[in-house]
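S.K.: With the first letter of the sequence shown counted as 1, position 24 gets the number 9 in the numbering used here; the numbers rise by one all the way through.
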Amino acid sequence: MPASGVSAAAIAARLSVLGLLTRVEEHPRHTSVVAEVPESVSAETWREALEVVAEADQFGLLATSLSGRTLWAVVRKAVPTTGDVGGPSHQR
């Protein structure tokens, strides 16, 4: 598992301890953690959840009347230092 996956799994585990239902998703350039936030979350749980996701490279909250509240965090994968850094279209 890439380092981003390990970091994301740790974030997901800590959010799960807080009672949030989480999932980890692998993407080409990052690993994301998505957590469903129930309506009845205490202020203390919110504070702890924000401390956890603050360890990610990016995080945010998506709140809609249809799907409720979803807390997300992104951990970027390491950028290659040599070779096809920009992909095949950017090679010289």
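Glycine included, each C-beta is placed from N, C-alpha and C at the ideal position.
In or out: serine 17 buried (at least 16 other Cβ within 10 Å) or exposed?
M.R.: The residue is buried, with at least 16 neighbouring Cβ atoms inside 10 Å.
S.K.: Closest to serine 25 by C-alpha separation, out of Ala(-5), Leu3, Glu11, would be which residue?
M.R.: Here the closest residue by C-alpha is Leu3.
S.K.: Locate the alpha helix (DSSP H) running through arginine 14, then write down its first and last residues.
M.R.: No alpha helix (DSSP H) contains arginine 14, which DSSP labels as neither H nor E.
S.K.: Identify whether glutamate 36 lies in helix, strand or coil by the three-state DSSP scheme.
M.R.: If DSSP states are grouped into helix, strand and coil, glutamate 36 belongs with the helices.
S.K.: By a C-beta neighbour count over all protein chains shown, 10 Å radius and 16 as the cutoff for buried, is histidine 12 buried or exposed?
M.R.: Exposed is the call here.
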